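Sequential numbering of the sequence shown, starting at 78, is according to the numbering used here.
Using N, Cα and C, we set each Cβ at its ideal position, and we do this for glycine too.
Computed from a prediction, not measured in an experiment: that's the story for all the values here.
First up is the structure itself, then whatever we jot down about it.
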Amino acid sequence: MQYGPDPNAIYPNEAIKSICYIKNVVTRPNIIVGDYTYYDDINGAEKFEERVTHHYEFGRLTP
């Protein structure tokens with residue numbers, strides 16, 4: 078039995094399209110997100126990658 082929203086779905090709640098799990102819409106390999114990381118945007122939460130303004134090309138901050 079599963080409790081809570083499905084982490085493999087784009088929208089945790091199909092009735093609220095302004096919130097999405099970004100792991101399921103991100104295609105760039107340099108953007109790493111967790112299973113339940115979400116983004117809220119009334120203009121299209123699934124367009125998260127278009128709104129990334131800073132991404133520095135260096136290693137991770139933690140070892």
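- In the DSSP assignment, I96 falls within the beta strand (DSSP E) that extends over 96-98.
- For the set D118, Y88, I93, the Cα lying nearest the Cα of K100 is the one of Y88.
- By the neighbour-count definition (other C-beta atoms within 10 Å, threshold 16), Y98 is a buried residue.
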